[in-house]
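Chemist: Each step along the sequence shown adds one to the number in my numbering, with nothing skipped, and position 107 is 127.
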Amino acid sequence: MNVAERVAVVTGGGGGIGGALVARLARAGARVVASDLDAETARAVSERVNADHPGSTVSAGADASDTAQIEQLIALAENTFGPVDLYFANAGIAGAPGLDWCRGGSNAARATSSAPPRRPGCSPRSAPPRTPSPSTRP
Ligand SMILES: NC(=O)c1ccc[n+]([C@@H]2O[C@H](COP(=O)([O-])OP(=O)(O)OC[C@H]3O[C@@H](n4cnc5c(N)ncnc54)[C@H](O)[C@@H]3O)[C@@H](O)[C@H]2O)c1
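Okay, here's the thing in C-alpha cells:
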C-alpha cells in the first residue's frame, strides 16, 4: 500500500510497535500523529522520527479509550496535516495473559486480597475444561 502523503493517527505511538509504526509510516512519506497515554514517550518518538523526516509527525498525549480525546486527536491530525486516511488503533497493554493473569496472579494482588480479583476479559470459567489425552482414555 502506498502511504505517501497519507495522514495517519497511531495510538500507543510511544510504545514499541506504535513507535515502529510511526517511523515506518514517516519513512514511507506519510504524515503521522503519534499519540500515547504517556505524552512524553509519544513526544520522544515524534522528535526522533522528525530528525530523519522533518515535519512528518506531531505528538499528543491522549487516552485511546476516551471518545472525546480521540475526537481531539482526529481534529489535531486534520488541522495539522489534513483529513485522516489511516487510523492505527494500536494502544493497549502488551503481554500474554494466561491463567495466572485471570486469577489475579500478581504478588501485589495476592498480598491485598484473599479473593483474587477477576481481570477484564476473564470469565469465571476462562480455563477450558480438561479433556483426557488419548493415552488416558479407556
Ligand atoms: N508485543 C507483543 O508481543 C504483542 C502481541 C500481541 C498484541 N500486542 C498488542 O500490540 C499493541 C502494542 O504493543 P507493544 O508491544 O508495542 O506494547 P508497548 O507497551 O510497548 O506499547 C503500548 C503503548 O500503548 C500505550 N497505551 C496503553 N494504554 C493506552 C491508552 N488507553 N491510550 C493510549 N495509549 C495507551 C502505552 O503507554 C504504550 O506506550 C498493544 O495493543 C498490545 O496489546 C502486542
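C-beta: ideal position from N, C-alpha, C; glycine also.
On a predicted model such as this, the values are computed, not experimentally measured, just so you know.
Can you give, in chain order, each stretch of the alpha helix (DSSP H) that sits fully within the stretch 45 to 109 and has at least 4 residues?
Modeler: For the stretch 45 to 109, whole alpha helix (DSSP H) runs of length 4 or above, ordered along the chain, are 59 to 72, 87 to 100.
Chemist: Please classify Ser55: is it buried, with 16 or more other beta-carbons within 10 angstroms of its beta-carbon, or exposed?
Modeler: Indexing the sequence shown from 1 puts residue 55 at position 35. Its Cβ being crowded by 16 or more others within 10 Å, Ser55 is buried.
Chemist: Pick helix, strand or coil for Leu41, following the three-state DSSP scheme.
Modeler: Along the sequence shown, read from residue 1 onward, the residue named residue 41 stands at position 21. Helix, per DSSP.
Chemist: Could you give the residue range of the beta strand (DSSP E) that holds Ala114?
Modeler: Reading the sequence shown from its first residue, position 94 is the one you call residue 114. Looking at the DSSP string, Ala114 is not in any beta strand (DSSP E), and its letter there is neither H nor E.
Chemist: Let me know if Asn110 comes out buried or exposed under the rule of 16 or more other beta-carbons within 10 Å of its beta-carbon.
Modeler: As a first step, residue 110 is located in the sequence shown; it is residue number 90 there, counting from the start. Its Cβ being crowded by 16 or more others within 10 Å, Asn110 is buried.
Chemist: Considering Ala28, what are the terminal residues of the beta strand (DSSP E) in which it resides?
Modeler: Numbered from its first residue, the sequence shown carries residue 28 at position 8. From DSSP, the beta strand (DSSP E) with Ala28 extends over 27 to 30.
Chemist: Gly35 by DSSP, collapsed to three states: which one?
Modeler: Working through the sequence shown from its first residue, we reach residue 35 at position 15. In the structure shown, Gly35 sits in coil (DSSP, three-state: anything other than H, G, I, E or B).
Chemist: Can you grab the Cα-Cα spacing for the pair Arg47 / His73, in whole Å?
Modeler: On the sequence shown, position 27 is the one that residue 47 refers to. On the sequence shown, position 53 is the one that residue 73 refers to. Taking the straight line joining both Cα atoms gives about 7 Å.
Chemist: Would you kindly check if the distance between the Cβ of Thr77 and the Cβ of Val52 is under 7 Å?
Modeler: Numbered from 1 along the sequence shown, position 32 holds the residue referred to as residue 52. Numbered from 1 along the sequence shown, position 57 holds the residue referred to as residue 77. Yes, the pair counts as a contact, with Cβ atoms nearer than the cut-off.
Chemist: Using alpha carbons as the reference points, say which of Ile94, Ala114, Gly112, Asn70 lies closest to Val27.
Modeler: Locating residue 27 in the sequence shown gives position 7, where the first residue counts as 1. Closest by alpha carbon: Ile94.
Chemist: If the criterion is Cβ atoms closer than 7 Å, does the pair Ala97 and Gln89 meet it?
Modeler: Here the question's residue 97 lines up with position 77 in the sequence shown. Here the question's residue 89 lines up with position 69 in the sequence shown. No, the pair does not count as a contact, with Cβ atoms beyond the cut-off.
Chemist: Could you tell me whether the Cβ atoms of Val42 and Val69 are closer together than 7 Å?
Modeler: Position 22 of the sequence shown, counted from the start, is the residue given in the question as residue 42. Position 49 of the sequence shown, counted from the start, is the residue given in the question as residue 69. Yes.
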